[in-house]
Amino acid sequence: MRSHLLNDTTAEQYRRSVTEGVERVAAKLATTDRPFTGITVDALSPRIDGIDLDEPLHDTAAVLDELEDVYLRDAVYFHHPRYLAHLNCPVVIPAVLGEAVLSAVNSSLDTWDQSAGGTLIERKLIDWTCARIGLGPAADGVFTSGGTQSNLQALLLAREEAKTEDFASLRIFASEVSHFSVKKSAKLLGLGPDAVVSVPVDRDKRMQTVALARELERCAQDGLVPMAVVATGGTTDFGSIDALPEIAGLCEQYGVWMHVDAAYGCGLLASLKYRDRITGIERADSVTVDYHKSFFQPVSSSAVLVRDAATLRHATYHAEYLNPRRMVQERIPNQVDKSLQTTRRFDALKLWMTLRVMGADGIGELFDEVCDLAAEGWKLLAADPRFDVVVRPSLSTLVFRYIPADVTDPAGIDRANLYARKALFASGDAVVAGTKVAGRHYLKFTLLNPETTTADIAAVLDLIAGHAEQYLGDSLDRAS
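The opening residue of the sequence shown carries number -2 in my numbering; numbering runs sequentially from there.
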């Protein structure tokens, strides 16, 4: 079994095996004509359930054949231009190359003696991102597994900076369309059930700053402690960007930690056209960025950044076997000193490779393309009497629903839209997402593929309308 260990004696076998795998994936990418096959859980489960993991195949080609049957054939392919659902982006080739390198070398980014150059590369990228944001010379941060972990760590730091042991008195302010991880983080941090104050949004789905000011004042009057305001730089459902300068002013006025969840909108940091849409982010105390959303990186690649590096001490724990305190005096850089994780992948390498091959402007051009596409998609929807579109996009998300001309029952319209989404997914012709707006079911395009065209959007809208009309026609037939 030692022949399977990657080392100096198996380098050629490694080359052959990885090449076989890459060729399979490349062939699949080249021949995939729709984002999904439409396979059901009931159809796929028996294939996987029937595999005996205690009976290995002992042959790479045979395993790849099996993988084709249980995964590659029926995977949801984000690179396809009619995958329009969630915040999943097609990935750039330099990042995939970085993924191959980091997996093989397998550095762990917790301590210097496990990563060396990897530590310095990650730190350089953190400094680069902080400079792009404009957080100032004392800024720092660390890579994380994703936006949920980044938000959790930021709110941990905010809790500690609030300097109270009465956790029941702490309050976090976030818009009613902020990410669910804000409430989840509050629970994980031991805060009370009323800790997260939901602030109303305006017609553009941005936090109402007047309402935020009112809630902050009420908090002070009630003797409670305002722990943090979470402003969103690109909401998951709408791509809406809160009024960051105004929120920053309120946070300064009330002495509250300002966190900006820019997991989605961080692509604007590289934008050549729309950087001003995220003005005010430079005044934050902490920021979440997901490179695996709008920087076209493979999952996972995310970071949490802070204005004051000293606040990261709240996540520090010294273990004698790993990062003893003496290493600080010896100026040995251990990234575990800043992280909630211990063992951690060298995910920063993917972004490093991307920047060194494409440059930041290359990333920004791609993100600008999807923002432009969303603007064109909005025009299509706004001009189409079959659809109701919610807000003009700030990023690359469109929320809409099919409105039949001869049906006025809101519940019936809900059912038609739900059916259209499910039928479209089952067909595999396109994949779209869904959400609720004011209690009603809506559909959602999250546009992160520059290869998607307005013709693709128009075709998918026709498919949605066709499925919804079929459902309504069948419903009328059954009723009669």
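Every residue gets a Cβ at the ideal spot worked out from N, C-alpha and C, and that includes glycine. Treat the numbers as computed from the prediction; the structure is a model and nothing was measured.
query                                                                                                          : result
Buried/exposed call for F177, threshold 16 Cβ in 10 Å                                                          : exposed
G230 and I169 closer than 7 Å at C-beta                                                                        : no
Three-state secondary structure assigned by DSSP to V367                                                       : helix
Member of K419, E119, K181, V93 whose CA lies at the smallest distance from the CA of K335                     : E119
C-beta atoms of G95 and K290 nearer than 7 Å                                                                   : no
Inter-residue spacing [alpha-carbon to alpha-carbon] between Q332 and D471                                     : 60 Å
At least 3 beta-carbon pairs within less than 8 Å: the region 142 to 151 vs the region 297 to 304              : yes
Residue range of the unbroken beta strand (DSSP E) whose run includes D234                                     : D234 -> no beta strand (DSSP E), and no H or E assigned at all.
Runs of beta strand (DSSP E) wholly within the region 200 to 281 (minimum 3 residues, chain order)             : 222 to 229, 254 to 259
C-beta atoms of A183 and V193 nearer than 7 Å                                                                  : yes
Inside the region 389 to 453 only - alpha helix (DSSP H) runs reaching at least 4 residues                     : 407 to 424
S299, DSSP secondary structure in three states                                                                 : strand
Beta-bridge pairing of R168 - partner residues as DSSP gives them                                              : P223
Distance CB(L54)-CB(R341) smaller than 7 Å                                                                     : no
7 Å Cβ cutoff met for A225 and H256                                                                            : yes
Completely contained beta strand (DSSP E) runs for the region 107 to 173, where each covers 3 or more residues : 137 to 141, 167 to 172
DSSP bridge partner residues for F292 (one or two, in chain order)                                             : In DSSP, F292 forms no bridge with anything.
Residue from C86, S42, T126 with nearest C-alpha to Q294                                                       : C86
Exposure of I45, with buried meaning 16 or more beta-carbon neighbours within 10 Å                             : exposed
Under 7 Å between C-beta atoms of A371 and L337                                                                : no
Close beta carbons around H520, own chain, < 6 Å, minus the five adjacent residues each side                   : A query on residue 520 cannot be resolved here, the shown segment of the chain reaching from -2 to 477 and no further.
Collapsed DSSP secondary structure at V102 in the structure displayed                                          : helix
Beta carbon of F384 nearer than 7 Å to that of L392                                                            : no
Pairwise C-alpha distance: S172 and W349                                                                       : 34 Å
Alpha helix (DSSP H) segments (min. 4 residues) lying fully within the region 322 to 368                       : 323 to 326, 345 to 354
Cα-Cα separation, G409 to Y399                                                                                 : 11 Å
Simplified DSSP state of T29, which is helix, strand or coil                                                   : coil
The region 312 to 330 in contact with the region 270 to 285 per 3-pair CB rule at 8 Å                          : no
contact_flag[the region 263 to 274, the region 429 to 436] where n(CB pairs < 8 Å) is 3 or more                : no
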